[in-house]
Structures are given as structure tokens and as C-alpha cells.
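Read through the structure below, which is laid out as C-alpha cells, and then see the notes.
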Amino acid sequence: MRTKALVKRIIQQMLRDKRTLGLLFVAPLMILTLMYFLFNSNTATNLKVGVINVDKTIVSELEKNSITVKAYSNASNDTIVNDKLDGLLQMEKNKLILTLQNNDPTVSQMLKLKINQTIASVLTLKSGVAPHGLKPPSIEVNYVYGNSETTFFDIFSTILVGFFVFFFVFLISGIGLLRERTTGTLERLMSTPIKRWEVITGYLIGYGIFAVLQTLIIVTYAIKILNLTLVGSIWYVLLINLIVAFVALSLGILLSTFAASEFQMMQFIPIIIIPQIFFAGIFPVENMAKWLQVIAKIMPIYYCADALKSVMYKGLGFNAIKWDILVLAVFAAVFVILNIFALKKYRKL
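Start counting the sequence shown at 1; every next residue gets the next number (my numbering).
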């Protein structure tokens with residue numbers, strides 16, 4: 001009988017908590033639906049290669065292999081990056097030179113394989129005589145970013161640094177302010193003449209100190225101890241992660257005002273945190289459906305990942321990341337303003 005009473009109480013408690021029921025049954029369906037569209041969207045990679053002084057037979061075969069070919073009279077690594085080419089194939093002194101952008105090592109390997117297959121096909125068509133008298137073909141492979149040993153993890157690891165900073169700062173700040181509410185501290189604070197913006201500023205600075213320390217530890221450990229890829233400046237890496245930590249801090253505090261318990265705060269993770277990792281670089285955003293690309297661009301981690309990849313993997317400077325940093329700063333400012341309005345309901349007149 002006592003067990004029955006306990007079961008009955010738990011059921012009644014869950015039925016009264018509509019938000020928990022919604023997150024329990026709706027959140028998994030949302031994540032599954034998102035994953036369904038991600039895996040079933042048009043993720044076919046459209047390879048694009050530039051050519052200089054390359055035999056027309058090779059160009060024709062490349063196009064038959066569904067590779068977009070663009071002819072140049074001359075080109076450099078900047079051309080590859082600016083024109084968003086996956087690679088540049090050129091004939092120089094009876095030698096084929098392939099320069100891969102290597103923005104995505106998987107794409108680079110695919111392009112390299114297709115070009116090798118194309119040249120083998122051309123040789124077969126010409127009965128063993130290579131174009132421009134080249135027999136057999138000698139292909140020199142160069143890389144704009146990375147090298148032949150670069151793997152997808154070298155890129156994904158840079159994204160993970162920012163993601164872990166975002167995730168743990170979000171969690172700690174959200175639960176921290178929630179505890180302030182549940183213990184009555186926030187309510188007592190709001191009964192004083194203190195202004196709402198002063199409360200938010202205080203919480204942001206207070207939790208922000210620990211967010212900065214956590215960011216420094218994560219970045220330093222990842223680069224110095226785990227020896228993750230770092231081509232650019234570590235100061236830019238710290239700047240990016242500090243800004244994304246501030247975004248996570250302000251977002252965590254904002255969402256904690258809508259949670260009644262730590263359990264409900266944890267339930268925001270599958271809705272707010274998990275979807276962001278899908279748009280951080282695991283799947284090429286440019287190959288997603290248009291509406292998924294729109295969703296990606298309202299995710300803070302999308303801009304964090306892009307900036308970290310630009311600095312840590314590509315070795316680019318501030319000009320390459322300034323817009324990502326600006327967007328992250330806008331996110332933080334919006335969340336801070338929303339926090340100030342959200343605190344209004346805790347002030348008793």
C-alpha cells in the first residue's frame with residue numbers, strides 16, 4: 001500500500017509539471033526530427049576545381065565525374081580561397097600540380113581520388129600516352145591548409161574547445177542563479193532599491209570571473225597538454241572563447257529564470273545545447289537544405305566554430321574572425337537585455 005501511494009504521488013507530481021512532461025516527450029522527438037533532416041538533406045558534396053594549362057581531355061573527364069571546372073590563366077592560393085575552390089590543378093613543365101584547399105580533409109581526399117581516377121581514365125583512352133607528352137603522369141600535391149596527415153579530427157577538435165567552454169559555462173551559470181532563486185536570495189535582493197541592470201551586472205561579473213578562469217584552463221590544457229592544432233595566435237583563441245563564454249553565461253542566466261528546478265534547467269540541454277553541435281561543423285552547413293542553413297546561423301556555436309577554425313586550423317588573423325566576434329557580441333548583448341526584462345517579474349511593488 002505504501003509503495004502504491006508513492007507511485008501515485010509521483011504520477012500526480014509529474015502530471016502537474018506540464019513543462020517537464022513536454023520536455024520528456026517532445027524534446028526527443030525534436031532532436032530525432034532534426035537529425036532526420038540533417039542526414040536526409042541534400043548533403044552531396046559539389047566539388048569545384050580550377051585548372052591552368054590542363055589538357056582538354058582531362059577537363060572533360062573531370063566534368064563527367066560531376067566536378068565543376070573553372071579555367072584560369074594564372075592563380076594562387078588566395079584564388080583558391082577567395083573563389084571557394086576545393087583545389088587547383090595545373091600543368092607546369094610537364095608536371096601536374098594539385099593544390100588542395102583542405103578546408104575539409106574528407107573533401108580533399110575525395111577530390112584527390114577522383115583526379116587520380118580521371119587521369120588513369122585519360123591514359124587508358126590515349127593508349128598509355130599521357131597529355132602533353134607526360135608518361136606516366138607525375139602529380140605533386142600541395143595544401144593551402146594543413147597537410148597530407150590532416151584528419152577531420154584536427155578540425156573538429158578546434159570546435160570542441162569552444163563547445164565545452166559554452167556548455168559548462170551555460171550549465172554552471174544557469175544552475176547558480178537558479179539556486180539563488182530557490183533559496184529566496186534573489187527575491188530578497190529584488191525587494192531592495194537595487195536596479196535590475198545592477199543585479200544582472202553583478203551576476204555576470206561574479207560568475208564571469210569563474211567563466212574566464214575555466215576558459216583559460218580549457219584552452220591552455222587543450223593546446224599545451226593535448227597538443228591540439230594551433231596555427232594562428234593563441235590570443236585570438238582566448239578572445240573567441242572568452243566572448244562565447246560570456247554568451248553562454250548570459251544565456252544560462254536568462255534560461256534559469258524559466259526553470260523551476262535544477263532538473264528543469266538540465267532539460268534545456270537537449271533543446272538548446274545539443275542542436276548547436278550539429279551546426280558547428282560536423283556536417284557541412286553549405287550542403288544543408290536552405291531552411292537548415294537559416295537555423296544554423298541563429299546558433300552562437302556556429303560563429304564560435306567558424307572563428308576557432310579560422311584561427312586554430314587556418315592560421316588566419318583578426319580580419320577573418322571580426323564578423324564572427326561581432327555576431328557573438330550581439331548575441332551576448334541581446335541576452336543581457338532580455339535578462340533585465342526577465343527579472344521584472346521578481347520585483348514586488
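No residue lacks a Cβ here, since even glycine has one placed at the ideal position from N, Cα and C.
Everything numeric in this text was worked out from a predicted model, so none of it was measured.
C-alpha distance - T106 paired with I155, whole-angstrom precision:
Position 106 of the sequence shown, counting from 1, holds the residue named residue 106. Position 155 of the sequence shown, counting from 1, holds the residue named residue 155. About 11 Å.
Distance between beta carbons of N227 and V364, contact taken as under 8 Å
Given that the chain is displayed from residue 1 to residue 349, the structure contains no residue 364 and the question cannot be resolved.
Do you know offhand how far L134's Cα is from K95's?
Stepping through the sequence shown from its first residue, residue 134 is reached at position 134. Stepping through the sequence shown from its first residue, residue 95 is reached at position 95. In this prediction, L134 scores a pLDDT of 46, lower than 50, which makes its location untrustworthy; the coordinate-derived value is nonetheless stated afterwards. Distance between the alpha carbons of L134 and K95 is about 7 Å.
Alpha-carbon spacing of Q13 relative to L326, whole angstroms:
The sequence position of residue 13 within the sequence shown is 13, counting from 1. The sequence position of residue 326 within the sequence shown is 326, counting from 1. Rounded to whole angstroms, Q13 to L326 spans 45 Å at the Cα level.
Limits of the alpha helix (DSSP H) - the one that T183 falls within
Residue 183 sits at position 183 when you count from the first residue of the sequence shown. First-last for T183: undefined, no H or E at that position.
L328 and I200: beta carbons closer than 8 Å?
Position 328 of the sequence shown holds residue 328. Position 200 of the sequence shown holds residue 200. Contact: no.
Three-state secondary structure (DSSP) of Y203
On the sequence shown, position 203 is the one that residue 203 refers to. Of the three classes helix, strand and coil, the one that applies to Y203 here is helix, per DSSP.
Assuming I277 and I301 make a contact with CB atoms under 8 Å, what is their CB distance in whole Å?
Sequence index remark: in the sequence shown, residue 277 carries index 277 (1-based). Sequence index remark: in the sequence shown, residue 301 carries index 301 (1-based). The Cβ separation is near 7 Å, so the contact holds.
Are the region 107-117 and the region 69-76 touching by the rule of at least three beta carbon pairs closer than 8 Å?
no
For T20 and L171, what's the separation of their Cα atoms in angstroms?
As a first step, residue 20 must be located in the sequence shown, where it is residue number 20. As a first step, residue 171 must be located in the sequence shown, where it is residue number 171. In a straight line, the C-alpha of T20 is about 18 Å away from that of L171.
Per the DSSP calculation, Y143 is bridged to which residue(s)?
For this step, residue 143 is matched to residue 143 along the sequence shown. Note: Y143 sits in a beta bridge opposite L100.
Minimum C-alpha distance to G315 - residue among N103, V231, I298 and L338
The residue given as residue 315 occupies position 315 in the sequence shown. Comparing Cα-Cα distances from G315 to each of N103, V231, I298 and L338, the minimum goes to V231.
Secondary structure of V26, DSSP reduced to three states:
For the purposes of this step, residue 26 is identified with residue 26 of the sequence shown, where counting begins at 1. Residue state, collapsed to three classes: helix.
Rounded straight-line distance, which links the Cα of G146 to that of A222:
Taking the first residue of the sequence shown as position 1, residue 222 is located at position 222. Taking the first residue of the sequence shown as position 1, residue 146 is located at position 146. Taking C-alpha positions only, A222 is separated from G146 by approximately 19 Å.
In the DSSP assignment, find the unbroken alpha helix (DSSP H) run with V330 in it and report its ends.
Translated into the one-based positions of the sequence shown, residue 330 becomes position 330. Residues F318 to A342.
For F152, the nearest candidate out of F331, K309 and A245 (CA to CA):
For the purposes of this step, residue 152 is identified with residue 152 of the sequence shown, where counting begins at 1. Answer by Cα proximity: K309.
Looking only at its own chain, which residues have a Cβ that is under 7 Å from the Cβ of P131, when we skip the five neighbours before and after it?
The count along the sequence shown starts at 1 and reaches residue 131 at position 131. The pLDDT assigned to P131 is 47, lower than 50, so where the model puts this residue is not dependable, and the model offers no usable value.
My output table needs one value for M91: the three-state DSSP class, helix, strand or coil.
Position 91 of the sequence shown holds residue 91. DSSP places M91 in the strand class (E or B) of the three-state scheme.
To which residues of the same chain is F335 closer than 6 Å at the C-beta, ignoring the five residues directly before and after it?
Numbered from its first residue, the sequence shown carries residue 335 at position 335. S250, L251 and L254.
Tell me the DSSP secondary structure of G50 in three-state form.
As a working mapping, residue 50 is identified with position 50 in the sequence shown. In this structure, G50 counts as strand in the three-state DSSP scheme.
Tell me whether K290 sits in a helix, a strand or coil according to DSSP, three-state version.
Residue mapping note: residue 290 aligns to position 290 of the sequence shown, counting from 1. K290: helix per DSSP, three-state reduction.
Using DSSP with H/G/I as helix, E/B as strand and the rest coil, what is T68?
Against the sequence shown, residue 68 aligns to sequence position 68. Of the three classes helix, strand and coil, the one that applies to T68 here is strand, per DSSP.
Between which two residues does the alpha helix (DSSP H) carrying N82 extend?
By 1-based counting over the sequence shown, the position of residue 82 is 82. Where N82 is concerned, the enclosing alpha helix (DSSP H) stretches over N77 to N82.
Going by the CB atoms, is the gap between M91 and N40 shorter than 8 Å?
In the sequence shown, the residue the question calls residue 40 occupies position 40. In the sequence shown, the residue the question calls residue 91 occupies position 91. The answer is no: Cβ separation not under 8 Å.
The alpha helix (DSSP H) that contains L226, what's its start and end?
Here residue 226 refers to the residue found at position 226 when the sequence shown is read from its first residue. Where L226 is concerned, there is no enclosing alpha helix (DSSP H), given that its DSSP letter is neither H nor E.
Taking I272 as the reference, give the member of R9, R16 and M30 with the closest Cα.
Walking along the sequence shown from the start, residue 272 turns up at place 272. Among R9, R16 and M30, the Cα nearest to that of I272 belongs to M30.
Identity of the residue in V237, Y203, L204 and G202 nearest I217 by Cα
Here residue 217 refers to the residue found at position 217 of the sequence shown. Closest by alpha carbon: V237.
Taking the straight line between their C-alpha atoms, what separation do you get for L89 and V330?
Here residue 89 refers to the residue found at position 89 of the sequence shown. Here residue 330 refers to the residue found at position 330 of the sequence shown. One C-alpha to the other measures close to 41 Å.
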